[in-house]
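Read through the structure below, which is laid out as C-alpha cells, and then see the notes.
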Amino acid sequence: MPNTAASNSVQAGQQERLSPAEVERIRADFPILDQEINGHPLVYLDSGATSQTPECVWEASQHFYETANSAVHRGAHTLAVEATDRFEDARSTVARFVGAGEREIVWTSNATEALNLIAYSFSNATAGAGGPEADRFRLAPGDEIVATGMEHHANLIPWQELAARTGATFRWIPLREDATLDLEAAASIVGPRTRILAFTHVSNVLGLVNDVAALAALARSVGAYSVLDACQSAPHMPLDFAGLGIDFAAFSGHKMLGPTGIGALYGRAELLDAMPPFLFGGSMITTVSLDHAEFLPAPQRFEAGTQRISQAIGLATAVSYLSETGMGRIEGWEQHLGKRMLNGLSELPGVRILGPSADADVSRTGTVPFAVDGVHPHDVGQFLDSRGVAVRVGHHCAEPLHKFLGVSASTRASAYLYNTEADVDALLNAVSDVRAFFGVK
Ligand SMILES: Cc1ncc(COP(=O)(O)O)c(C=O)c1O
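Per the numbering used here, the sequence shown starts with residue 100, numbered consecutively.
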C-alpha cells in the first residue's frame, strides 16, 4: 500500500491557493485578529486547538435568538416551525459540505462526543439492546478493535474502554521511524477478527495526512467498520465521506470557524438506523409506555433532549463561508504556510522538526510541531506569547505519539485561512530568539 497522500489531498505547491490579497480581505472578517498581545500584533497560530470565528457566524446565531428562538421538533407554533426549519437546513448544509446525506449527520457537542456515541452504541448492542438488527454491532472476546499510534485521546480511549467493556482486544497500527503510519503493518494487523478500524485523517500533532481511502478499503476487505477522525481535515480540505468509503466520521465545529458546543457524527444511514441509541429521553422516541420505548430512525434517535440550535446554525454559516472561500484554495494556502514554517524552522540552530523532515515526500497540512533544544515547550510557548505569537504546547492529547517521538511535550504551530506569510515570519523571528533568552548555548 502506498505511503502517500489521501485521495483528496495533493502535495504542497501543486495546488491553487488563496492569494495574499484575499487573505487580507478574509482577516477583516475576524475582528479578534486585529489586536495587540503583550505589545505585539496578535499572531494566532493555534487554530488546530480552536479556530477563530468570522462575524457572520455569531451574527447568524444572534439572528436566530432575535427572530426564531424556540425548541425544535416539538411545538406547533410558528416560531417552533421556523426554528425547526433553520435547524434542519443547517444539517443539510453541513451534510453537503462533507459529502453526506442529511440523515447521515447527527449533531453532537463535539467530536469527542461523536466518537463516544459510536462506542457506547456498540456497547449497548453488546449488552443486548437494539434487537436482531443490532447483531452486527455486538462485540465478543476474540473480536479486535484497531486504532493507530498517532491518535488523539478522543479517538483512542473510547475504543480502549469499549474493548474493556466487551472483552474485545484493543490493538494499534504502529508508526514507522519517521512517524508516518506503517501501512504494511496495518495490512497484517487488520484481519478477519477486526470489527472496528479507527484512525485519524490528519494527525493533530504532526499535520500528516493519512491515506483514508486505502485504510477504509482495508477495513471493508475484512468486514470491519471504519471510523474516521476528521477533526483536523474537515476544517482544512475538501471532503467527501461517501466517496472515501468510510462508515463513520467525527468532527468539531470550533475547529472550522464555528461556535463551541457543536460537532457532528457522520454515519452511513443504514448503520445509524440500526444502531441502538446512546442517550435516552425526549425527542428521540416514537412511542413510550411505562415499561418500554420505541425509537425514531436516525438522526433523531441520537439527539435526545433539547438541541444546540443556535450553534448548529452558526456551524452551517461557518461551512458556507469556507465553501464560498474554496476548500481547495484554503488547503493550498495552508500547505504553502506550512512549508514556509517547516523550511524556516529547520534552518534555525537548535530547533528540530518533530516527525518527517521538512523535505520529506509526505502529504501534510499547515500544522508543524517542533522542539527547541534545551528549552521546555512550556517556556517556548510563554516566550512566544510575550511576542504576541499564540501556539499550543503540551502533548496535545496525544501522549502515546509523544512517547513514540521521545518527548513528553512539544510546541505546535497550526495555520488557517486567515494566517499570513508575515505571521509565519513573526513565529520564525520569535523562535530564533528563544535559546538566547533562556541562556542556552
Ligand atoms: C484529531 C483530533 N481528534 C479529536 C479532537 C477532539 O476534539 P473536541 O475536543 O472538539 O471534541 C481533536 C481536538 O483537538 C483533534 O485534534
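Glycine included, every Cβ here is placed at the ideal spot set by N, Cα and C. Predicted model, so just to flag it, every value in this text is computed and none were measured.
When the options are compared against residue i, the one with the closest alpha-carbon
{"i": "Leu117", "options": "Phe536, Leu516 and Val523", "result": "Leu516"}
{"i": "Pro468", "options": "Ala278, Arg124 and Leu327", "result": "Ala278"}
{"i": "His300", "options": "Gly290, Phe394 and Val326", "result": "Val326"}
{"i": "Gly200", "options": "Arg428, Arg237 and Ala341", "result": "Ala341"}
{"i": "Ala189", "options": "Glu446, Ser160, Ser332 and Ile217", "result": "Ser160"}
{"i": "Ser513", "options": "Gly538, Pro140, Gly147 and Gly449", "result": "Gly147"}
{"i": "Ser191", "options": "Ser509, Phe379 and Ala363", "result": "Ala363"}
{"i": "Ala403", "options": "Thr207, Pro231, Gly174 and Glu232", "result": "Thr207"}
{"i": "Gly306", "options": "Leu527, Ile131 and Leu441", "result": "Leu441"}
{"i": "Met355", "options": "Val418, Leu296 and Asp339", "result": "Val418"}
{"i": "Glu498", "options": "Val490, Arg491 and Ser507", "result": "Ser507"}
{"i": "Leu238", "options": "His172, Ala263, Ile131 and Glu250", "result": "Ala263"}
{"i": "Leu338", "options": "Val193, Thr183 and Asn518", "result": "Val193"}
{"i": "Ala224", "options": "Ser422, Leu444, Leu421 and Leu370", "result": "Leu370"}
Pairwise C-alpha distance: residue j and residue i
{"i": "Gly138", "j": "Thr177", "result": "51 Å"}
{"i": "Ala285", "j": "Ala167", "result": "50 Å"}
{"i": "Glu203", "j": "Ala368", "result": "5 Å"}
{"i": "Gly266", "j": "Met383", "result": "30 Å"}
{"i": "Gln226", "j": "Gly344", "result": "Reading the sequence as shown, one finds Ala at residue 226 and not Gln. Approximately 28 Å between the Cα atoms of the pair."}
{"i": "Arg463", "j": "Ser169", "result": "43 Å"}
{"i": "Tyr143", "j": "Glu121", "result": "18 Å"}
{"i": "Phe269", "j": "Leu389", "result": "39 Å"}
{"i": "Ala415", "j": "His477", "result": "35 Å"}
{"i": "Phe186", "j": "Ala457", "result": "44 Å"}
{"i": "Asn102", "j": "Glu433", "result": "Any reading at Asn102 must be qualified, since the residue scores a pLDDT of 36, below 50, and its modelled position is unreliable; the value itself is stated next. Approximately 21 Å between the Cα atoms of the pair."}
{"i": "Asn543", "j": "Phe221", "result": "There is no way to answer for residue 543, as the model of the chain reaches only from 100 to 540."}
{"i": "Pro398", "j": "Ala329", "result": "19 Å"}
{"i": "Asp522", "j": "Glu123", "result": "12 Å"}
{"i": "Ala323", "j": "Gly352", "result": "28 Å"}
{"i": "His162", "j": "Thr247", "result": "42 Å"}
{"i": "Arg486", "j": "Phe537", "result": "15 Å"}
{"i": "Ala525", "j": "Asn215", "result": "39 Å"}
{"i": "Pro119", "j": "Gly425", "result": "15 Å"}
{"i": "Phe377", "j": "Asp460", "result": "42 Å"}
{"i": "Asp484", "j": "Glu165", "result": "37 Å"}
{"i": "Asp532", "j": "Val474", "result": "12 Å"}
{"i": "Gly198", "j": "Ala348", "result": "11 Å"}
{"i": "Leu527", "j": "Val450", "result": "11 Å"}
{"i": "Pro375", "j": "Gln114", "result": "43 Å"}
{"i": "Gly232", "j": "Gly366", "result": "According to the sequence shown, residue 232 is Glu rather than Gly. If you take the alpha carbons of Glu232 and Gly366, they lie about 16 Å apart."}
Closer than 7 Å: residue i CB and nearest ligand 1 heavy atom
{"i": "Ala331", "result": "The amino acid at residue 331 is misidentified as Ala; the sequence shows Gln. Yes."}
{"i": "Cys155", "result": "no"}
{"i": "Asp328", "result": "yes"}
{"i": "Thr299", "result": "yes"}
{"i": "Ser351", "result": "yes"}
{"i": "Asn209", "result": "yes"}
{"i": "His251", "result": "yes"}
{"i": "Ala512", "result": "no"}
{"i": "Ala148", "result": "yes"}
{"i": "Gly362", "result": "yes"}
{"i": "Asn303", "result": "yes"}
{"i": "Asn254", "result": "yes"}
Helix, strand or coil at residue i according to DSSP, with G and I counted as helix
{"i": "Pro140", "result": "strand"}
{"i": "Ser351", "result": "strand"}
{"i": "Glu402", "result": "coil"}
{"i": "Leu214", "result": "helix"}
{"i": "Pro448", "result": "coil"}
{"i": "Leu135", "result": "According to the sequence displayed, residue 135 carries Glu and not Leu. The answer is strand: DSSP assigns Glu135 an E or B state."}
{"i": "Ser513", "result": "strand"}
{"i": "Phe163", "result": "helix"}
{"i": "Ser485", "result": "helix"}
{"i": "Ser325", "result": "strand"}
{"i": "Asp145", "result": "strand"}
{"i": "Phe469", "result": "strand"}
{"i": "Thr464", "result": "coil"}
{"i": "Ser106", "result": "Annotation note: pLDDT 37 at Ser106 (below 50); position unreliable, coordinate value reported separately. If DSSP states are grouped into helix, strand and coil, Ser106 belongs with coil."}
{"i": "Pro101", "result": "Note on Pro101: pLDDT 34, under 50, position unreliable in the model; the coordinate value appears next. Note: Pro101 maps to coil in three-state DSSP."}
| said: What ranges does the beta strand (DSSP E) occupy inside the region 241-306, keeping only unbroken runs of at least 3 residues that lie completely in it? | reply: 243-247, 268-272 and 293-299
| query | For the region 377-431, which segments carrying the alpha helix (DSSP H) assignment without a break, of at least 4 residues, lie completely within its bounds, in sequence order? | reply | Secondary structure in the region 377-431: the alpha helix (DSSP H) runs of 4 residues or longer, each lying completely within the stretch, are 408-424 in chain order.
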